[in-house]
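I have placed the structure first, in the form of structure tokens, so that the comments after it can refer back to it.
Residue numbers (the numbering used here): 2 to 83.
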């Protein structure tokens, strides 16, 4: 049985996090595609949330908040990538 080395594991995870923060991993193309898809999903959630709120549903408010959060997050990520 292989012994688990916590220092090696932490170094590997830390390096992965640094690459992700710099935009090296995933590649910029993959990150941009994911953010665009997330943006579209966020817009759909906003539209669904607006319709649900119009009808007075609680889930409509939740969908609206989730959609706004998703859109803001993906816009910030797209600006960070460029």
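Glycine included, each C-beta is placed from N, C-alpha and C at the ideal position.
| Check | Outcome |
| --- | --- |
| Status (buried if at least 16 other CB within 10 Å, exposed otherwise) for residue 6 | exposed |
| Endpoints, the alpha helix (DSSP H) within which residue 75 is located | 59-82 |
| Cβ-Cβ distance between residue 82 and residue 33 below 7 Å | yes |
| 8 Å Cβ shell around residue 63 - same chain, five flanking residues per side excluded | 50 |
| Chain-order list of residues whose beta-carbon lies under 7 Å from that of residue 69 (same chain, five-residue window excluded) | 47 |
| Exposure of residue 57, with buried meaning 16 or more beta-carbon neighbours within 10 Å | exposed |
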